[in-house]
Amino acid sequence: MSNFLRNTWYAVGWSSEITGDLFSRTLLNESILIYRLPDGSPVALDNRCPHRFAPLDCGKLLADGVVQCGYHGLKFDRTGHCIANPMGKGKVPSRTKVRSYPIIERHQLLWIWMGHPDAADPASIPDYSYITDDSLDQANIGNYLRVQANYQLIIDNLMDLTHVGILHEGSLGNESMLAGQLELVESGNDVCANLWMPQSEAPPYLRNRGPIIDQWLDMRWTCPSSLSLNIGGTASGEPIERPSNFNAIHILTPETEYSTHYFYGTHGRLNPDDTIEQMRKLQTHAFLEEDLPMIEKCAAMMGPTQDFWASKPILLESDAAAVRSRRILDRAIAQEAASTCVAHTTE
Amino acid sequence: MSNFLRNTWYAVGWSSEITGDLFSRTLLNESILIYRLPDGSPVALDNRCPHRFAPLDCGKLLADGVVQCGYHGLKFDRTGHCIANPMGKGKVPSRTKVRSYPIIERHQLLWIWMGHPDAADPASIPDYSYITDDSLDQANIGNYLRVQANYQLIIDNLMDLTHVGILHEGSLGNESMLAGQLELVESGNDVCANLWMPQSEAPPYLRNRGPIIDQWLDMRWTCPSSLSLNIGGTASGEPIERPSNFNAIHILTPETEYSTHYFYGTHGRLNPDDTIEQMRKLQTHAFLEEDLPMIEKCAAMMGPTQDFWASKPILLESDAAAVRSRRILDRAIAQEAASTCVAHTTE
Amino acid sequence: MSNFLRNTWYAVGWSSEITGDLFSRTLLNESILIYRLPDGSPVALDNRCPHRFAPLDCGKLLADGVVQCGYHGLKFDRTGHCIANPMGKGKVPSRTKVRSYPIIERHQLLWIWMGHPDAADPASIPDYSYITDDSLDQANIGNYLRVQANYQLIIDNLMDLTHVGILHEGSLGNESMLAGQLELVESGNDVCANLWMPQSEAPPYLRNRGPIIDQWLDMRWTCPSSLSLNIGGTASGEPIERPSNFNAIHILTPETEYSTHYFYGTHGRLNPDDTIEQMRKLQTHAFLEEDLPMIEKCAAMMGPTQDFWASKPILLESDAAAVRSRRILDRAIAQEAASTCVAHTTE
Ligand code: FES
Ligand code: FES
Ligand code: FES
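Protein chains in written order, with the UniProt record's numbering: chain A, 1 to 347; chain B, 1 to 347; chain C, 1 to 347.
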């Protein structure tokens, strides 16, 4: 049984990824077709033609948001209903349709709802409003990676930032950051893991504050898999402005049980002379060369099912936030499975 | 459980593929050894040595059609019996043999019978006699593709030629062909899907009949997986000679449940100045660049079991012939499974 | 269920492979970390960090044989106990450790014990003392191959050397060797398959004894998977010195049920002017170009489970030694499974 929360919003792509063409991405083991109507508003449909199962993104986008299957030409409107059969006498069986999904564009991201459509409340989309605030010229966004590991292993990685001192030594961190004090704050379905590292060695991107500074890495996790990290540091004795105006975006969406879409970026300015390109390079290097290989190797060491609790992990103090998030997510999935409100069908 | 019809003839190769060497091809999940006797007649044996399971095609073809295993040297005659053990004192256990299969060469193709040998009636080999008629100089044959999809998905493709108007738009067809009238004719285990497209735009290979012509695409399916397509067109008002002297060959043989051997070609002449090379290019382009990727993508969308009925396809009028073929084939497989005449063993 | 003998010594690497760095190799489906202490003595630990399952060989080797995990920095001593947690307040849960395995270096090989540590008796390490005798300058050792087949299929290959006359015709053997007489000698858990080939054609490496000689290939198998082959030949009528001072090393260690580590080499001198490089070339060619492809093909022909007895092999006289070894090994595995002495846990 797949084990995903369905009644929730998942990021399915950056605004910049969905242009004038048909686009598809697999989420929660399902191939989803995404495109825009003439007015730019997004549409999400099941990507599988109900006739002979051709992927609809291999077809054509016609006028008015009508999609034509590339195999035998059935036409579907923006609600997923088949509105034309160009073959023979053109009869369309009455129930010919593909499932349509609520999709909303907000703050440069497209969010999809894979659960029961009636429960889709736009107010519960995770808040990345900082992306579109007036510092937009410092938004390093639109970055995407695919990770060959269960998404919860990446949440574990992000919710325990002590790894920055070891795995990212020399790039994002250093050993002096290991001794940080972790504060765990829960509010609703959010878990905040705030790491306070007084009198620690400044990493390159905070070097302008002095060699030894008071630093913080404040991570906020929103159930199931949207994270945001506030980063800052202050020379000793200076007034601390926490949160800073610098945030790192980490948004995860399960592709399958064993692979994950990773949308990432940064927003704001740590040093007056930082460029977007520098931030992108630093972040991409750390993710692609350090986190991603390590997470994929851990996943491989866990064996084909990647079953976390069955692998009997040792739990450390530094795991408190990650374990808290896992427990909240496990509980939400179990509650949803127990309720009757879930819609897995195309009806 | 594998789900193949066994008491039937399958094409295993073109005559031109089986030369002086040992050759092997996997059919119905079984690796088959094929070679020729000194007089040219073909032999088909189980390709797995009964000693330590070496593939016999890695051995040597000796005089008189004797095959020697390349691992420890056991020798097998054309009937599959082990006739010599070169090791030690040379004793051969009495039941040492590999299964032999009826194989017949006809009309440039080799046909194998994977079921009970007593039931192998050469009269039931599908009729491709046109390949060797006096227009042989216009026979574009010997073409082979391997498709990563269940063979029935390819039959579906061929038995519903309305896809020519969409998938092959600009190469083999155009949208004006979509409105064709389908006539379904059943005779014994054959299903004919005859598509009549009056007053439709001529495709490139019929352009010499005029821009708007009366066209036909008459497909004949012989259970389980041999197809032949008669193609023609006539300027409006001219007398119609149907069938034409142009046929396209489509012969499918399951390799596994999820992969298929595809033997294809054409025979005859549509335009006086068509060359064999032009026909091969047109046909290979359409199969390799259009049909094959689409069929493999549909198979992938169906998930690992590629279970057609479980995927609950919408059935359209244009599916009538494909569905008829599926029902006849399903019934034949079920009947065979129920009978006691099937031989899956090497006895 | 995996089906390996555990209370036994397996070769895990050549001495030359384990240098100053962390090294890992998968044995019996388990990833093992191997490294050396400052005094050169070897250590073998479970390669999987008990915290978040990072492979420890991606970490760092610190002073005194302490290994630091590369993900969050836990430190493990040579016995596998976690001795430091650099994160936060540094608490280490009491049972934080990785399993440690007895490992012994002997005669240029490292041997590991994957079963119950109390049963690990160094006296039962297979005897390859000839590697370090005074002809060491003629030791062609340190060679390694990975074979995509169950290790028992390679034992079958080695215990029936009649295949040398067919598979290695022209490289290691010739057809005149097929008529050899097999003598089967059992002593304890060793099986010797001694092949005596009087008046047979000399292979290249024995050509200096004359064109037709009395030859022997005397293979000794030590349960479960260590083999040694004594090779020699004498001109007819000359006194026979058997064993010769030339041995070929064949040591197998299961990586998984379907793949095997193969450590091989030669020791001694057949011709006064043979060089180590010539022997390495000859042996590597025969294994890499002839045995390995054949064994991997046989494994593939046996299907995904590679189940030997279920495949119902024909048994020939020349199989006597291989079958004897299989029966001894099967019995040892069954006895071990029945006993309570096996330790699969990390306790
Ligand atoms: S598969 Fe889409 S129209 Fe046939
Ligand atoms: S495997 Fe064919 S003779 Fe041994
Ligand atoms: S995985 Fe090894 S210290 Fe965390």
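C-beta atoms are modelled at their ideal positions from N, C-alpha and C, and glycine is treated no differently.
Since we're looking at a predicted model, the values are computed, not measured.
Contact of residue 313 of chain C with chain B by beta-carbon distance below 9 Å involves 50, 51, 52 and 53.
Put simply, the backbone Cα of residue 37 of chain A is about 25 Å away from that of residue 255 of chain A. A residue is called buried once 16 or more other Cβ atoms fall within 10 Å of its Cβ, and residue 95 of chain A, having fewer, is exposed.
Residue 36 of chain C is bridged by DSSP to C:42.
Sorting A:320, A:201, A:262 and A:88 by C-alpha distance to the C-alpha of residue 150 of chain A places A:262 at the top.
Taking residue 317 of chain A as the centre and dropping the five residues before and after it, the same chain places the C-beta of 182 closer than 8 Å to its C-beta, in chain order. By the beta-carbon neighbour count (other beta carbons within 10 angstroms, threshold 16), residue 194 of chain A is buried. Pairing residue 80 of chain B with residue 46 of chain B gives a Cβ-Cβ distance under 9 Å. Here the C-alpha atom of residue 5 of chain B lies approximately 21 Å from the C-alpha atom of residue 128 of chain B. For residue 48 of chain C, DSSP records a beta bridge to C:55. The alpha carbon of residue 243 of chain B has as its nearest neighbour, out of B:305, B:62 and B:269, the alpha carbon of B:269. Taking C-beta separations shorter than 6 Å and ignoring five residues to either side along the sequence, the partners of residue 224 of chain A in its chain run 5, 8 and 329, following chain order.
Inclusion of residue 319 of chain B and residue 190 of chain B in the CB contact set at 9 Å is not warranted, their separation being larger than that value. Contact with chain A is absent for residue 25 of chain C, since none of that chain's Cβ atoms lies less than 9 Å from the residue's Cβ. Non-local beta-carbon contacts of residue 192 of chain A in its own chain, meaning distances under 6 Å to residues more than five positions away in sequence, involve 185 and 220 in chain order. In this structure, residue 250 of chain C lies near residue 158 of chain C, with their beta-carbon atoms less than 9 Å apart. In the DSSP assignment, residue 258 of chain C falls outside any beta strand (DSSP E) and carries neither an H nor an E. For residue 53 of chain B, the Cβ falls inside the 8 Å cut-off from some heavy atom of ligand 2. In the DSSP assignment, residue 326 of chain B falls within the alpha helix (DSSP H) that extends over 320-338. Contact with chain B is found for residue 87 of chain A, since one of that chain's Cβ atoms lies less than 9 Å from the residue's Cβ. Using a Cβ-Cβ cut-off of 7 Å, residue 178 of chain A is close to 73, 86 and 87 of chain C, given in chain order.
Annotation: Cβ neighbours of residue 316 of chain A in chain C (cutoff 9 Å, chain order): 51, 72, 74, 85, 87, 88, 91, 92, 93 and 96.
The criterion of a C-beta distance shorter than 9 Å is satisfied by residue 77 of chain B and residue 65 of chain B. Here residue 293 of chain A has no same chain residue with a Cβ atom under 8 Å from its own Cβ, once five neighbours each way along the sequence are excluded. Taking CB atoms only, residue 68 of chain A has a neighbour in chain B less than 9 Å away. Residue-level contact by beta carbon fails for residue 285 of chain C and chain B, as no gap is shorter than 9 Å. Cα atoms of residue 165 of chain C and residue 279 of chain C: separation of roughly 19 Å, rounded to the nearest angstrom. With contacts defined by Cβ atoms closer than 9 Å, residue 20 of chain C and residue 34 of chain C do not form a contacting pair. Within the same chain, Cβ atoms closer than 7 Å to the Cβ of residue 176 of chain C are found at 200 and 201, the five residues on either side in sequence being excluded. For the segment 145-220 of chain A, the full-length beta strand (DSSP E) segments reaching 3 residues or more read 181-187 and 190-201 along the chain.
Ranked by Cα distance from residue 15 of chain A, the options A:311, A:290, A:131 and A:172 are led by A:131.
Check the Cα spacing between residue 92 of chain B and each of B:198, B:99 and B:84: the tightest is with B:84. Against chain C, the beta carbon of residue 31 of chain B has neighbours under 8 Å at 301, listed in chain order. Following the DSSP letters along the chain, one finds residue 110 of chain C inside the beta strand (DSSP E) bounded by residues 109-113.
Taking the Cα positions, residue 148 of chain C is about 4 Å away from residue 259 of chain C. Relative to ligand 3, the beta carbon of residue 88 of chain C is positioned no closer than 8 Å to any heavy atom.
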